[in-house]
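Since the structure comes first, as structure tokens, the remarks are kept for the end.
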């Protein structure tokens, strides 16, 4: 039975991660994507490191754990966080969120392809639903005068990377807590993204940033890479599968609705319909099957 405290924590987490999508879009109006991702990731991971160390967690990997963490960081951080920020740059933030949260379906498909996990009728329904959602969004991008269909490729690549990273994380053998492993993945990943940003993008001019820009950066550092991570690892990830699935399904919805207020995006009918199909797909793979009543 979920407690009231857990319910409020899950609601806060859903809002935080949903609102993060238009907040990223707001930041990209004044800052290039790699510098945005490098700065928020590094600062967020740094304060998270200090906090987690202060509460007594063992922070330092030993021996082969360094190699394992670096390997896990490739899809979980460099893949997901880097590809997704390019997707947000190209697409409406709500649309990017919808595509990003196709991850659970790709997790199941990759698990079947590489780890022998079973394809059930519910998984087949999920695949069909996601395919329809992608077709709807791709259709709109191709037919829109300002459409950017390459953004869909960025986001699908990000979702596949996140799914692969999730499968690898489940099978990793580490003595550190998952939260500490995540902190190290973010720290190591941010170093690589900084190298990419310095090599590929012009230096930003912080003196010209507006107040909304500074607020959006602070949101990324404090909320997205900080408080939300603490809630997830401290409470939300241990909730019943059905409860966690409902949160995952609601994040794209929150992202789409909040984008109207934050960056003035107006969802099209394709967005709403695609969101519905993605929510069906997530429910198909994440919600536990209903137990049959005893005869």
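In this note's numbering, the protein residues as written are 3 to 297.
Ideal placement from N, C-alpha and C gives every residue a C-beta, glycine not left out.
Here the structure is a predicted model, which is why all the values come from computation and not from measurement.
Assignment of residue 126 by DSSP, reduced to helix, strand and coil, places it in the helix class.
Just so you know, the alpha carbons of residue 91 and residue 122 end up roughly 36 Å apart. When rounded, the separation of the alpha-carbon atoms in residue 156 and residue 23 is 15 Å. In the DSSP assignment, residue 82 falls outside any alpha helix (DSSP H), carrying neither H nor E.
Residue 276 and residue 135 have their C-alpha atoms spaced approximately 4 Å apart. The Cβ-Cβ distance between residue 100 and residue 280 falls below 7 Å. From the listed residues 231, 113, 203, the smallest Cα separation to residue 173 is found for 113. A Cβ-Cβ separation of about 18 Å leaves residue 203 out of contact with residue 45 under the 8 Å criterion.
In the three-state reduction of the DSSP assignment, residue 179 falls in the coil class. Shortest Cα-Cα distance from residue 271 to any of 258, 282, 13, 263 involves 258.
Beyond the five residues adjoining it in sequence on each side, residue 43 comes within less than 7 Å, by CB distance, of 83, 188, 191, 192, 195, 227 in the same chain, given in chain order. Between the C-alpha atoms of residue 70 and residue 125 there is a straight-line separation of about 30 Å. Its Cα nearest to that of residue 127, the residue 110 stands out among 110, 87, 245.
Going by beta carbons, residue 104 and residue 132 fall inside the 7 Å limit.
Per DSSP, reduced to three states, the secondary structure at residue 104 is coil, with no helix or strand assignment. Residue nearest to residue 274 within the set 139, 208, 237 is 139 (criterion: CA-CA distance).
In this structure, DSSP gives residue 279 a helical state, which the three-state scheme calls helix.
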